[in-house]
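Asks: Could you have a look at this structure, given as structure tokens, before my questions?
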Amino acid sequence: MPMGCQAVASCLSLTFTLLLDVLGVCLCHQAENGCPESCLCSESVDSGLVVRCSDMHLIAVPRDLPNTTQHLYLDNNLLLTIPSYAFIGLPLLFKLDLSHNRLAYLEPGAFQDLADSLSSLDLSSNQLETLDPKAFGDLRAQTNLSHNPWLCDCRLQLAMPQLLLDPSSLTEVVCNTSEPEALEAQGMPFILVATDLDFCTAIQRTTDVAMLITMFGWFTMVISYLVYYVRHNQEDAIRHLEYLKSLPNRQARSESLTLNQAVTQL
Ligand SMILES: *[C@@H]1O[C@H](CO)[C@@H](O)[C@H](O)[C@H]1NC(C)=O
Ligand SMILES: *[C@@H]1O[C@H](CO)[C@@H](O)[C@H](O)[C@H]1NC(C)=O
Ligand SMILES: *[C@@H]1O[C@H](CO)[C@@H](O)[C@H](O)[C@H]1NC(C)=O
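For the sequence shown, the positions run -28 to -1, 1 to 238 when mature numbering (1 follows the signal peptide of the UniProt record, and there is no 0) is used.
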């Protein structure tokens, strides 16, 4: 290789390294300073350690995140659930972005240990249908809950008051479907719908009606059985009675017959 070319190459790599240094970015690998393999870590005075794992086709939260992580970007991946204790040992985590995944379920304790530090959580554009208070625990973070197919039902209604999340977060819970089905709920923020409609008593009412119908059904069955039983027995009784009535006649006829025979023999 000619000398000039080598010089240009090393010069280029030097410039690149310098550029990254100037931007405050460092392309780190786990081996070097504890940044997970599928993430990019950068450190700055303003925002502390920023770990970017966006758009990496991740199906699980990376392990071994640096314990000094302050901002964690896991958006635009393929996460389906957040398991319990997924973010344990990150006492400085301040901002967590989980938007644009496929999250349908957050396990109880998913955000365990983040209650004291986390101030911003992005769960927007996922597949969440309900909020489990056990998943959020004591979390008070401002949370983006928009663009999820929320199912507005009794469970959600009971969960809402148990959540300690920043109250503005809950305005983004827009009903996609409702149980029981209520047309006025579709596309409306849950907290607005829930002021007019009590999803739990509505459910109660429909179960009451169902109970009533079932009881009526049983009642009808018992009554018709009784009617059938009585009728059937009545027919039997009548038949029996008729049989009994016919008995003496037959006896009388046979008696007269033997009498006739006796007379003719005489
Ligand atoms: C991170 O871990 C190191 C080594 O275990 C420890 O010395 C340090 O105090 C931890 N930092 C934080 C913020 O917990
Ligand atoms: C919440 O997320 C949506 C979509 O991801 C975004 O458009 C919106 O600006 C976010 N809201 C806030 C308050 O950050
Ligand atoms: C709402 O539900 C319908 C099906 O019932 C679905 O096609 C639509 O994508 C959902 N909207 C959101 C925001 O998920």
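Each residue gets a CB set at the ideal place from its N, CA and C atoms; glycine is no exception. Owing to the predicted nature of the structure, the values given are computational and were not obtained by experimental measurement.
1. Jot down the residue ranges of each uninterrupted beta strand (DSSP E) in the stretch 106 to 135, minimum 3 residues, whole runs only, in chain order.
2. Exposed or buried, what is Cys13 when buried is set at 16 or more other beta-carbons lying within 10 Å of its beta-carbon?
3. Any chance the CB of Met8 is under 8 Å from a heavy atom of ligand 1?
4. Look up Val(-4) in the DSSP assignment and say whether it is helix, strand or coil.
5. Cβ of Leu65 within 8 Å of any heavy atom in ligand 1?
6. Which residues are close to ligand 3, meaning CB closer than 5 Å to any heavy atom, in chain order?
7. Closest by CA to Ser38, which one among Cys7, Leu52, Ala32?
8. Strictly by DSSP, which residues pair up with Ser150?
9. Compute the Euclidean distance between the alpha carbons of Glu144 and Asn120, then round it to the nearest angstrom.
10. Where in the stretch 60 to 90 do unbroken runs of the beta strand (DSSP E), each at least 3 residues long, occur, reported from the N-terminal end onward?
11. Evaluate the contact criterion for the stretch 60 to 75 versus the stretch 28 to 45: three or more CB pairs, one atom per stretch, below 8 Å.
12. Tell me where the beta strand (DSSP E) around Val165 begins and ends.
13. Taking the beta carbon of Trp122 as the centre, do at least 16 other beta carbons fall within 10 Å, making it buried, or is it exposed?
14. Assuming Arg112 contacts Leu130 under a Cβ cut-off of 8 Å, what Cβ separation, rounded to an integer in Å, is found between them?
15. Compute the Euclidean distance between the alpha carbons of His72 and Cys25, then round it to the nearest angstrom.
16. Would you mind sorting Val194 into buried or exposed? The rule is 16 or more other CB atoms within 10 Å of its CB.
Replies: Taking the structure as given:
1. Correct list: 114 to 116, 122 to 125.
2. Here residue 13 is taken as the residue at index 41 of the sequence shown, counted from 1. Buried: at least 16 other Cβ atoms inside 10 Å.
3. Along the sequence shown, one-based indexing puts residue 8 at 36. The identity of residue 8 in the sequence shown is Pro, whereas the question assumes Met. Not so, every heavy atom of ligand 1 lies at least 8 Å from the Cβ.
4. By one-based count along the sequence shown, residue -4 stands at place 25. Any reading at Val(-4) needs caution, since the residue's pLDDT is 44, under 50, leaving its predicted position unreliable; the model's value is listed next. Strand, per DSSP.
5. Within the sequence shown, residue 65 is the residue found at index 93, counting from 1. For ligand 1, not one heavy atom lies less than 8 Å from the Cβ of Leu65.
6. Output, sorted by chain position: Pro121, Asn148.
7. The sequence position of residue 38 within the sequence shown is 66, counting from 1. The sequence as given places Pro at residue 38; Ser does not occur at that position. Selection Cys7, Leu52, Ala32 evaluated against Pro38 yields Cys7 as nearest (Cα-Cα).
8. Stepping through the sequence shown from its first residue, residue 150 is reached at position 178. Answer is Cys124.
9. What you label residue 144 is simply residue 172 of the sequence shown in a count that begins at 1. What you label residue 120 is simply residue 148 of the sequence shown in a count that begins at 1. When the Cα atoms are used, Glu144 and Asn120 turn out to be separated by approximately 9 Å.
10. You should have 67 to 69.
11. With the cut-off at 8 Å, the stretch 60 to 75 and the stretch 28 to 45 touch.
12. Here residue 165 corresponds to residue number 193 of the sequence shown, with the count starting at 1. Careful: Val165 lies outside any beta strand (DSSP E), inside the alpha helix (DSSP H) at 162 to 168.
13. To locate residue 122, count along the sequence shown from 1; it is residue 150. The residue in question, Trp122, is buried, as its Cβ has 16 or more Cβ neighbours within 10 Å.
14. Along the sequence shown, one-based indexing puts residue 112 at 140. Along the sequence shown, one-based indexing puts residue 130 at 158. Actually they do not touch by this definition, with Cβ atoms about 20 Å apart.
15. If you number the sequence shown from 1, residue 72 lands on position 100. If you number the sequence shown from 1, residue 25 lands on position 53. Computed Cα separation, rounded: 13 Å.
16. Within the sequence shown, the letter at position 222 stands for residue 194. With fewer than 16 Cβ atoms within 10 Å of its Cβ, Val194 is classed as exposed.
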